[in-house]
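Scroll down for the structure; my scribbles are underneath it.
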Amino acid sequence: MQRRYPPSHRWRQAQSIDELAGMASKRLPAFAWEYLNAGAEDERTLNDNRSAFQRWQWRPRTLVDLSEIDSSATLLGRQSAMPLAIAPTGYNGMLWRDADIALARAAQQHDIPFTLSTVSCNSLEEIAAAVPTGRLWFQLYPLRDKQATRDLIARARAANAEALVVTTDAVVLGRREWDSRSYLNPRRLNLRHTLDALCHPHWAAQALWPNGLPTLGNLLKYLPTGEHSAASAATYISQQMATDLTWEALDEIRQQWSGKLIVKGILNTEDALHCQRLGADAIVVTNHGGRQLDDSPASLDCLPAIVDAVGQQLEILLDSGIRRGSDIAKALALGANGVLSGRATLYGLAVGGEAGASHALTLLQQQLHNTLALLGRPRLSQLDRDCLAPPLHLSSHTSGYLTASAVDGRPAIVQSTSPTNDDTFLNLLCDGFGDSVLLGEAIPASCFSDWTGHAACRPLALVSPATTEEVAKLLRLCNDHHRPVVPQGGMTGLAGAAVPSADSIAVSLCRLTGVESVDRDAATMTVRAGTTLQTIQEAATQAGFRYPVDFGARGTCQIGGNIATNAGGHGVIRHGMTRDQVLGLEVVLADGRTIDLMNGMLKNNTGYDLKHCFIGSEGTLGIVTRAVLRLAPPQGESHTLLCGLPSYPAAVALLHRLRSAGLALEAFEVMWQDFYTMSCGWRDGQLPLPTSYPLYLLCEAEGDASHLEAALEAALETGEVEDAVLASSTTQARGLWAIREATGEFPVKLAPINFDISLPIPAIGDFVETAGKMLQQRWPGVRIVNFGHIGDSNLHLTVDGRSLTEDTPATRHAIESAVYQWVGKYRGSISAEHGIGLLKRDFLHHSVRPEALNVMHTLKQALDPHGILNPGKVLN
Ligand SMILES: Cc1cc2nc3c(=O)[nH]c(=O)nc-3n(C[C@H](O)[C@H](O)[C@H](O)COP(=O)(O)OP(=O)(O)OC[C@H]3O[C@@H](n4cnc5c(N)ncnc54)[C@H](O)[C@@H]3O)c2cc1C
Ligand SMILES: Cc1cc2nc3c(=O)[nH]c(=O)nc-3n(C[C@H](O)[C@H](O)[C@H](O)COP(=O)(O)O)c2cc1C
1211 MQRRYPPSHR WRQAQSIDEL AGMASKRLPA FAWEYLNAGA EDERTLNDNR
1261 SAFQRWQWRP RTLVDLSEID SSATLLGRQS AMPLAIAPTG YNGMLWRDAD
1311 IALARAAQQH DIPFTLSTVS CNSLEEIAAA VPTGRLWFQL YPLRDKQATR
1361 DLIARARAAN AEALVVTTDA VVLGRREWDS RSYLNPRRLN LRHTLDALCH
1411 PHWAAQALWP NGLPTLGNLL KYLPTGEHSA ASAATYISQQ MATDLTWEAL
1461 DEIRQQWSGK LIVKGILNTE DALHCQRLGA DAIVVTNHGG RQLDDSPASL
1511 DCLPAIVDAV GQQLEILLDS GIRRGSDIAK ALALGANGVL SGRATLYGLA
1561 VGGEAGASHA LTLLQQQLHN TLALLGRPRL SQLDRDCLAP PLHLSSHTSG
1611 YLTASAVDGR PAIVQSTSPT NDDTFLNLLC DGFGDSVLLG EAIPASCFSD
1661 WTGHAACRPL ALVSPATTEE VAKLLRLCND HHRPVVPQGG MTGLAGAAVP
1711 SADSIAVSLC RLTGVESVDR DAATMTVRAG TTLQTIQEAA TQAGFRYPVD
1761 FGARGTCQIG GNIATNAGGH GVIRHGMTRD QVLGLEVVLA DGRTIDLMNG
1811 MLKNNTGYDL KHCFIGSEGT LGIVTRAVLR LAPPQGESHT LLCGLPSYPA
1861 AVALLHRLRS AGLALEAFEV MWQDFYTMSC GWRDGQLPLP TSYPLYLLCE
1911 AEGDASHLEA ALEAALETGE VEDAVLASST TQARGLWAIR EATGEFPVKL
1961 APINFDISLP IPAIGDFVET AGKMLQQRWP GVRIVNFGHI GDSNLHLTVD
2011 GRSLTEDTPA TRHAIESAVY QWVGKYRGSI SAEHGIGLLK RDFLHHSVRP
2061 EALNVMHTLK QALDPHGILN PGKVLN
């Protein structure tokens, strides 16, 4: 027997959303139906949005107490009868007269939020008047006319909208070809569709009579007088869509709107993280119901990775393809906090107005209730990934859900979930490594965090292998059991890169120490990774050389750590970073393979120079066990000079002048006036120079003193230098350096927010000025001090947290965000020498382009397919 739905006017009997859709397709003329239902281009994404839900199957539990089934949820901090809100949909008036009011009322009946579109037919004010106690969210399409955008935001506030939903994925309209085929030109129906409209008198009488096509209520006040028709409004909006909507523009909107902010249009983790940094309260994971970019992934497929990335920090809503209560349950099981209903409620609206929309909501709620019961999870909080069997197209070892990378089009990095439990693994560890394993209380607190103290955490175990072979054996074991491994050197890092997680194995290199040999002919030294920088410097001096990398942590930091962070320090202007001192490396890969790259020759062009992948990789690609280092000749006569300068361009001119005077510059440190004045204020005794100069230069130069004096004289004559002091003794030189080294006192005397950034040398002066103004504008009265190793492009900008009205983590985060964004504008680097680690990970995209980021992920995947090495550092 053939099954048939009831006739379309008996929509109250409809049992499913699909049935309502069928009825709507009959009640509406084809052009209105296509507007409502069509997807972009070949509609592959539209269809995949539905298939994505079918790919997941339930794993129901039985014999569970079902006497109380609760499908209520919290959305944006308020209780809702179900985890659903009505999605913003424009031009609903084509389906039903006063459609937006009808939807808002249906939402109110069901105790859920309703989202009004910017391009709605009823205005914000009409909704506020008709449904004053309903939960209203307002969806904003930012307009080119900034004044109108600000006005819309103000009107949303006045209408008591609880949230602003900024849609980011439709500034350019998708090509809905089936919709477009109804028209002769964008505003005129073709003959066939005009006739078709006449054949739908019920619809015409209800939706069009007596005023014809409705206009866009929210936009009327921005249209020229006398041009308020639907066609004029449509022309206006098509010209007004803000194609320059960027993160900066969104940030401005965030500043204007103090209520809840939802960003709608997110499909990948990078953008989700961006929203988090920007201070959004929630995001909508959506492909706009398949109406924008065809072949975008189904929203549901993108959800798990986004939940993993920001689920703790942001509320996550999902839409696209929700047609059943079980779809809502699946989205929640994969980590969403709630969903939006687009077409599902519009089908109801199109057949029965407010009552029809309400019927659609009732169906969804009943189906959700029923799903919870049959699944054996009577409460929403019991929905998790365990409820679902893996989608059919995924292999079982991906722990049942798509990883971030697979969804973003990058190779999948399988999450490092351990197949063995902790006890079994620890037994294996102790069996294999005996006394070099420390567990529980025996693990020293010094390995819980690095110098920053950030996110201190006791690892599951600390292992200190003494040989390369032991490191290799340890990594093999951890890799086989997918156990996270965190390499640790001297723990002096300043980026949180060596911080362990509770389930990780910290690997300390402190027993793999010693200088193995010095090759005087080649001027090289072979060392083990755990050797401290100071030991290496001393051994080089003893052999008649110099190891030129130097900085304050020399007594504790290890060469393995220096290599892993590509450390800089003093003297980079002359000798380069650690990368420039490394000739060869021995590295153990994640799976325990050891690669011998122990080249000792200055010239060696044989294929890819693989060592560079590991230098600066912060323990995420391999563990360095040995290295061959270049040695420099011992230092000659050196001079220390402090100058007062009129401007930043003068400092750059002086840099050229000193270089071309045949001097070898060891340091070229520029202090801005605020820094100099502050530092001198912390010291007793006479000032070497008055505090009246805009800039100060501390320079260390090696070479003939007469060359330096001649260059200085010429600089004084041209006005590049206004005053200068040349140290005549080591004590005087130390006194001058003490002014610059005030940075060591920052943690005690300020509440510093430190920036270690690099910028093109000519732009540094301008950056200091414009970034300073930008910070002052947003945080009036904020105190900023700047100094930089200008010859190395490195600026250290410090914000004093004590000068802020509120020194909270959120303010600090906002300041970081603002400064790094500014750095991105100048094509600078957010990390000059301290690395990315945990602390700068979320800002990486300001300096690294998406294609490069993609290659980084590919490299990580190739060398560490299980993602065990220092997970979560540098890359997400
Ligand atoms: C007072 C002070 C001054 C500083 N001045 C400077 C400066 O001027 N310039 C500068 O660049 N830095 C500076 N630093 C930062 C820090 O000292 C360097 O980053 C240093 O290179 C870290 O070495 P570490 O052995 O302490 O490494 P850790 O902090 O232990 O680890 C840092 C990173 O390296 C990884 N790692 C450690 N050992 C290995 C290994 N064998 N194989 C693979 N990965 C490994 C860790 O997993 C982590 O990602 C300073 C720090 C302090 C405390
Ligand atoms: C007819 C129609 C109009 C829409 N108009 C808007 C809009 O004005 N603003 C917006 O952010 N999204 C708009 N959307 C997208 C929805 O908010 C939502 O993302 C989408 O409908 C979800 O998919 P679903 O229809 O499969 O539930 C529209 C969708 C439809 C179907």
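At position 378 of the sequence shown (counting the first as 1) the number is 1588 in the numbering used here, and the numbers step up by one without a gap. Backbone N, C-alpha and C define an ideal beta-carbon position, used for all residues, glycine too.
Whole angstroms is fine: what's the gap from T1751's alpha carbon to D1632's?
Here residue 1751 refers to the residue found at position 541 when the sequence shown is read from its first residue. Here residue 1632 refers to the residue found at position 422 when the sequence shown is read from its first residue. About 47 Å.
For L1455 versus S1226, is the C-beta spacing smaller than 8 Å?
For this step, residue 1455 is matched to residue 245 along the sequence shown. For this step, residue 1226 is matched to residue 16 along the sequence shown. Going by C-beta atoms, L1455 is not nearer than 8 Å to S1226.
Between S1392, L1590, A1490 and Q1522, which lies nearest to A1283 when the distance is taken from Cα to Cα?
By 1-based counting over the sequence shown, the position of residue 1283 is 73. Comparing Cα positions, the closest option is L1590.
Mind checking whether the beta-carbon of T1299 lies closer than 7 Å to any heavy atom of ligand 2?
Against the sequence shown, residue 1299 aligns to sequence position 89. Because some heavy atom of ligand 2 lies under 7 Å away, the Cβ of T1299 counts as near it: yes.
If you check the beta carbons only, do G1300 and V1329 fall under 8 Å apart?
As a working mapping, residue 1300 is identified with position 90 in the sequence shown. As a working mapping, residue 1329 is identified with position 119 in the sequence shown. It is a contact, given that the beta carbons lie within the stated cut-off.
Check whether the Cβ atoms of H1533 and A1565 sit closer than 8 Å, and answer yes or no.
By one-based count along the sequence shown, residue 1533 stands at place 323. By one-based count along the sequence shown, residue 1565 stands at place 355. Correcting the residue type first, residue 1533 is Arg in the shown sequence and not His. Cβ distance not < 8 Å, so R1533 and A1565 don't count as in contact.
Check the DSSP bridge columns for E1879 and list the partner residues they point to.
Locating residue 1879 in the sequence shown gives position 669, counting from the first residue. The partner list for E1879 (beta bridge, DSSP) reads L1908 and H1999.
Under the criterion of a Cβ to heavy atom distance below 7 Å, does Q1450 qualify as lining ligand 1?
As a working note, residue 1450 is residue 240 in the sequence shown. Every heavy atom of ligand 1 is 7 Å or more from the Cβ of Q1450, so no.
Please indicate yes or no: does the CB of H2044 lie closer than 7 Å to some heavy atom of ligand 1?
Position 834 of the sequence shown, counted from the start, is the residue given in the question as residue 2044. The answer is yes for H2044.
Taking the beta carbon of Y1446 as the centre, do at least 16 other beta carbons fall within 10 Å, making it buried, or is it exposed?
Start at 1 with the first residue of the sequence shown, and residue 1446 comes out as number 236. That one is buried.
Under 8 Å Cβ to Cβ from A1519, same chain only, skipping five residues before and after it: list those, please.
On the sequence shown, position 309 is the one that residue 1519 refers to. Cβ neighbours of A1519 beyond the five flanking positions: T1479, A1482, L1483, A1614 and N2086.
Considering only their Cβ atoms, is the gap separating G1724 from T1742 smaller than 8 Å?
Your numbering for residue 1742 matches position 532 in the sequence shown. Your numbering for residue 1724 matches position 514 in the sequence shown. Their beta carbons are not under 8 Å apart, which means T1742 does not touch G1724 by this criterion.
Taking DSSP as the reference, what is the three-state secondary structure of C1767?
On the sequence shown, position 557 is the one that residue 1767 refers to. DSSP places C1767 in coil when its eight states are reduced to three.
On the DSSP letters alone, give me the boundaries of the beta strand (DSSP E) that V1834 sits inside.
Within the sequence shown, numbered from 1, the residue matching residue 1834 stands at position 624. Residues I1833 to R1840.
Taking all protein chains shown into account, decide if Y1818 is buried (16 or more other Cβ within 10 angstroms of its Cβ) or exposed.
As a first step, residue 1818 must be located in the sequence shown, where it is residue number 608. Classification of Y1818: exposed, given that the 10 Å Cβ count is below 16.
Within-8 Å CB hit, A1749 to chain B:
Here chain B cannot be found, since the structure has a single protein chain.
Can you list the alpha helix (DSSP H) stretches of 4 or more residues lying completely in the stretch 1620 to 1688, in chain order?
Fully enclosed alpha helix (DSSP H) runs of 4 or longer: 1632 to 1643.
Do you know offhand how far V1838's Cα is from M2066's?
Position 628 of the sequence shown, counted from the first residue, corresponds to residue 1838. Position 856 of the sequence shown, counted from the first residue, corresponds to residue 2066. Their Cα atoms are separated by approximately 25 Å.
Closer than 8 Å by C-beta to I1322: which residues in its own chain qualify, once you throw out the five before and the five after it? Chain order, please.
Here residue 1322 refers to the residue found at position 112 when the sequence shown is read from its first residue. Excluding sequence neighbours, I1322 sits near L1285, S1290, A1291, M1292, L1294, A1295, I1296, R1345 and L1571.
With a cut-off of 8 Å on the beta carbons, I'd call T1835 and V1798 a contact; round off their distance for me.
Here residue 1835 is taken as the residue at index 625 of the sequence shown, counted from 1. Here residue 1798 is taken as the residue at index 588 of the sequence shown, counted from 1. That pair is a contact at about 6 Å.
Between the alpha carbons of Q1625 and G1489, how many angstroms are there, rounded?
In the sequence shown, the residue the question calls residue 1625 occupies position 415. In the sequence shown, the residue the question calls residue 1489 occupies position 279. Note that Q1625 scores 36 on pLDDT, short of 50, meaning its location in the model is unreliable and no value can be drawn from it.
Expressed to the nearest angstrom, what Euclidean distance is found between the alpha-carbon atoms of W1882 and A1973?
Translated into positions along the sequence shown, residue 1882 becomes position 672. Translated into positions along the sequence shown, residue 1973 becomes position 763. The straight-line gap from Cα to Cα measures roughly 15 Å.
What is the DSSP secondary structure of W1266, counted as helix, strand or coil?
Residue numbering aside, residue 1266 sits at position 56 when the sequence shown is read from its first letter. DSSP places W1266 in coil when its eight states are reduced to three.
Give the DSSP bridge partners of N1395, in chain order.
Sequence index remark: in the sequence shown, residue 1395 carries index 185 (1-based). In DSSP, N1395 forms a bridge with R1398.
Can you list, in chain order, the residues of its chain with a C-beta nearer than 8 Å to that of A1763? Leave out the 5 residues immediately preceding and following it.
By one-based count along the sequence shown, residue 1763 stands at place 553. The answer, listed in chain order, is W1661, G1700, T1702 and L1743.
What does the Cβ neighbour count give for R1222, buried or exposed, with the cut at 16 atoms within 10 Å?
Counted from its first residue, the sequence shown places residue 1222 at position 12. That one is exposed.
Can you look up P1697 in the DSSP assignment and give me helix, strand or coil?
Position 487 of the sequence shown, counted from the start, is the residue given in the question as residue 1697. Strand at P1697.
Could you check the C-alpha separation between Q1450 and A1358 for me, to the nearest Å?
Counting from 1 along the sequence shown, the entry for residue 1450 is found at position 240. Counting from 1 along the sequence shown, the entry for residue 1358 is found at position 148. One C-alpha to the other measures close to 10 Å.
Does the count of Cβ pairs from the stretch 1822 to 1830 and the stretch 1889 to 1906 closer than 8 Å reach three?
no
Beta strand (DSSP E) runs wholly inside the stretch 1772 to 1857, at least 3 long, in chain order
1792 to 1798, 1804 to 1807, 1833 to 1840 and 1848 to 1855, all fully within the stretch 1772 to 1857.
So, using beta-carbon positions, are A1911 and V1880 closer together than 8 Å?
Counting from 1 along the sequence shown, the entry for residue 1911 is found at position 701. Counting from 1 along the sequence shown, the entry for residue 1880 is found at position 670. In this structure, V1880 does not lie closer than 8 Å to A1911 by Cβ.
Short Cβ contact (8 Å threshold) for T1804 with A1948
Walking along the sequence shown from the start, residue 1804 turns up at place 594. Walking along the sequence shown from the start, residue 1948 turns up at place 738. Cβ distance not < 8 Å, so T1804 and A1948 don't count as in contact.
Which class does N1421 belong to by DSSP, given the choice of helix, strand or coil?
One-based indexing of the sequence shown puts residue 1421 at position 211. Three-state result, N1421: coil.
By how many angstroms is the C-alpha of V1517 removed from the C-alpha of A1546?
For this step, residue 1546 is matched to residue 336 along the sequence shown. For this step, residue 1517 is matched to residue 307 along the sequence shown. Those two C-alpha atoms are separated by around 7 Å.
Measuring alpha carbon to alpha carbon, tell me which of L1246, R1265, Q1522 and G2034 ends up nearest P2060.
Your numbering for residue 2060 matches position 850 in the sequence shown. Taking only the C-alpha atoms, the option nearest P2060 is G2034.
Sub-8 Å separation of N1421 and L1334 beta-carbons
As a first step, residue 1421 must be located in the sequence shown, where it is residue number 211. As a first step, residue 1334 must be located in the sequence shown, where it is residue number 124. Between N1421 and L1334, the gap from beta carbon to beta carbon reaches 8 Å or more.
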